[in-house]
Structure formats: C-alpha cells, structure tokens
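First the structure, in the form of structure tokens, and then the observations on it.
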Amino acid sequence: IRDFRDEAGQNVPTFNIGFWSASAGAEQYSIGNKLDQDILQLSDNFTYYLNNEHTLTAGFSLENYSFVNGFFRNFNGTYYYANEDALISGSTWRYELTYSAVDDPQPFAKVKASLLGFYGQDTWKVNDQLQLTSGLRVDIPTFPENPVANDTVAAYFSDRGLKTDQMPSGNLHVSPRVGFNYDMKDANKTLVRGGLGIFSGSPKFVWMSNNYSNSGMLLKTIRTSSAVPFDLDRADQIASLIDSSIIVPGAYQTSEINLVDKDLKFPQ
1 IRDFRDEAGQ NVPTFNIGFW SASAGAEQYS IGNKLDQDIL QLSDNFTYYL NNEHTLTAGF
61 SLENYSFVNG FFRNFNGTYY YANEDALISG STWRYELTYS AVDDPQPFAK VKASLLGFYG
121 QDTWKVNDQL QLTSGLRVDI PTFPENPVAN DTVAAYFSDR GLKTDQMPSG NLHVSPRVGF
181 NYDMKDANKT LVRGGLGIFS GSPKFVWMSN NYSNSGMLLK TIRTSSAVPF DLDRADQIAS
241 LIDSSIIVPG AYQTSEINLV DKDLKFPQ
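Taking the UniProt record's numbering, the leading residue of the sequence shown gets 1, the next gets one more, and so forth.
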C-alpha cells in the first residue's frame with residue numbers, strides 16, 4: 001500500500017488571515033505526508049477429530065508489518081496575519097516552521113512490527129441439539145527496533161521510567177472465549193447461538209509510528225510572534241531564523257515528544 005499526499009500546486013508556504021477566515025498556499029498538514037505499508041500474513045490451522053463428540057482445532061498466525069510514515073506539519077512554513085491590512089503590510093503575528101534536525105531533509109519514520117498469535121479450540125457436541133465451543137487465543141505484538149534515544153527526555157522522566165527508545169514489545173494479550181449453539185428441533189427453523197469472550201483485531205501499529213517520528217531527535221519546530229518577512233523559499237526561511245543552529249532572538253524552538261508505557265496493551 002502506497003499512500004502519498006501530493007500537493008496539486010507549487011511547494012509553497014501556508015498563510016492564514018484572521019482566525020481562519022481565509023487560508024491559502026499549501027495545506028499545512030499535507031507536505032511530506034506519506035504512509036507506505038508492506039504486510040505479510042501467514043497462518044495455519046490443524047483440526048483433529050477426537051471422537052464423535054469432540055473436534056479439536058489449533059493453529060498459529062503471523063503478521064509482519066513494515067511502515068514508512070511521514071507527517072511534517074508546517075514543513076513549508078506557516079504565516080499568520082491578524083487581518084487583511086496585516087497581510088498587505090507583511091506583519092505576521094505568528095510564524096511556525098518544522099525542519100529536519102538530521103542530515104536527511106525529510107526523516108520519515110521507518111517502523112517494523114509483528115503480531116504472533118497462537119490459538120486452540122474444542123467443539124463439543126453434547127447431543128443432537130446442543131453444541132458447546134471453548135477456546136483460547138494468545139497474541140504477542142512485538143517491535144524489533146526502538147525509536148531514537150533522547151537522553152534529555154529519559155533524564156526528565158527517570159522517576160517514571162519513561163523514555164523515547166522503548167516500546168510495548170512482547171506483552172501477552174490473552175483472549176478466552178466460550179459459546180453455544182442450540183437447535184430448537186423445529187424443522188431447522190430456529191437456532192439459538194450465544195457466546196462470551198475477549199476479542200481484539202490487529203493492533204493499530206501505525207499509531208505507534210508517531211513514537212519513531214517524534215523522539216525530539218529528528219524534527220524541530222521554530223515558532224515566533226515577531227514579524228517574519230514572507231518568503232516562498234523554504235531554505236531562506238530556515239536561514240532567516242537559524243544561524244549555525246542557534247535560534248535568533250524573538251523565536252523559540254520546540255519538539256513534539258511521544259512516549260508510551262512499556263506495559264501498554266492494545267485494546268481488547
């Protein structure tokens with residue numbers, strides 16, 4: 001699956017007038033917006049007829065995922081003007097720009113994940129009318145590689161054990177299930193079915209890809225409330241605010257940090 005959001009026009013900044021009364025230029029969330037997915041699925045089931053009453057089923061499934069994910073808000077720069085007069089005079093009240101903090105100009109997150117599942121089931125034919133089913137499934141989501149380490153974040157959250165280079169890998173998801181099927185013996189007009197159990201779909205691994213993008217080591221965002229001259233050239237925008245990686249007066253630099261508890265379990 002290849003999903004790349006391409007702007008129809010030129011690669012230009014975004015500018016907003018008033019409180020969202022008008023907006024023009026490139027859509028600020030679409031520049032560098034990319035999601036590539038490669039998915040490999042394997043499964044095998046084994047069935048054994050124990051006797052006329054019990055049918056045993058066991059199996060395993062393996063899902064391997066590989067993502068390339070990019071989400072660079074304000075990557076071409078976003079200019080905010082209070083009103084039309086401010087636009088004409090070129091007086092911004094806010095400006096934002098996200099840029100790469102590494103050599104790669106667009107550091108897309110490269111994420112690998114796997115889901116290994118084992119399951120077993122017993123179908124018991126109690127009599128001609130009643131059939132009972134019981135089973136158990138165990139799923140193990142894993143992340144073979146961790147995001148980039150951010151020592152500053154690890155030190156700040158050391159008392160809580162949170163850090164950027166950890167993922168909830170290898171946590172067991174146990175799902176027991178029981179069910180029944182009852183034939184009312186009215187010429188197959190009525191079958192009563194029911195069950196109870198814990199179920200879960202495939203984990204939304206792409207959610208976790210944000211941790212790989214937002215470690216604070218790949219992307220930086222500059223914000224300033226000072227007036228910034230409008231410039232179509234992104235490289236010139238960066239040069240006007242950064243001098244030898246030192247933020248000029250009137251601007252401040254931030255990074256989005258995504259953290260996850262290593263004991264997190266996906267929804268069941």
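For glycine and all other residues, C-beta sits at the position ideal for the given N, C-alpha and C.
- Taking a cut-off of 8 Å for Cβ pairs, the stretch 152-161 and the stretch 62-79 do not touch, as fewer than three such pairs fall below it.
- Partner residues in the beta bridge of residue 124, as assigned by DSSP, are 54 and 132.
- For residue 158, the secondary structure class from DSSP, reduced to helix, strand or coil, is helix.
- Take the alpha-carbon of residue 54 and the one of residue 262: they are about 40 Å apart.
- Assignment of residue 65 by DSSP, reduced to helix, strand and coil, places it in the strand class.
- Here residue 83 carries a coil assignment [DSSP, helix/strand/coil].
- From the listed residues 79, 43, 56 and 52, the smallest Cα separation to residue 64 is found for 43.
- Under the three-state reduction of DSSP, residue 237 is assigned to helix.
- Pairwise C-beta distances place the stretch 114-126 out of contact with the stretch 253-261, as fewer than three of them are shorter than 8 Å.
- For the pair residue 70 and residue 52, the Cα-to-Cα distance works out to about 55 Å.
- Around the Cβ of residue 103, a 10 Å sphere holds fewer than 16 other Cβ atoms; the residue is exposed.
- Counted as a single uninterrupted DSSP element, the alpha helix (DSSP H) harbouring residue 211 occupies residues 205-213.
- Residue 163 is classed as buried because its beta carbon has at least 16 other beta carbons within 10 Å across all chains shown.
- C-alpha of residue 39 to C-alpha of residue 66: approximately 7 Å in a straight line.
- In the assembly as shown, residue 198 is an exposed residue. Its beta-carbon has fewer than 16 other beta-carbons within 10 Å.
- Per DSSP, the continuous beta strand (DSSP E) segment holding residue 253 begins and ends at 251-254.
- By the neighbour-count criterion, in which 16 or more other beta carbons inside 10 Å mark a residue as buried, residue 220 falls on the buried side.
- Apart from the 5 residues on each side of it in sequence, residue 130 sits with its Cβ closer than 6 Å to the Cβ of 182 in its chain, given in chain order.
- In this structure, 98 is the residue among 87, 208, 62 and 98 with its C-alpha nearest to the C-alpha of residue 32.
- DSSP places residue 49 inside the beta strand (DSSP E), whose first and last residues are 34-49.
- Residue pairing by DSSP puts residue 110 in a beta bridge opposite 68.
- When the alpha-carbon of residue 30 is set against those of 240, 14, 208 and 19, the nearest one is in 14.
- When the Cα atoms are used, residue 177 and residue 143 turn out to be separated by approximately 27 Å.
- Shown here for residue 252: same chain residues with a beta carbon closer than 8 Å to its own, the five before and five after excluded, namely 222, 223 and 224 in chain order.
- One thing to note: residue 158 has its Cβ no nearer than 8 Å to the Cβ of residue 268.
- Per the DSSP secondary-structure output, residue 220 pairs in a beta bridge with 99.
- Contact between residue 60 and residue 118 holds, with the beta-carbon distance rounding to 5 Å and staying under 8 Å.
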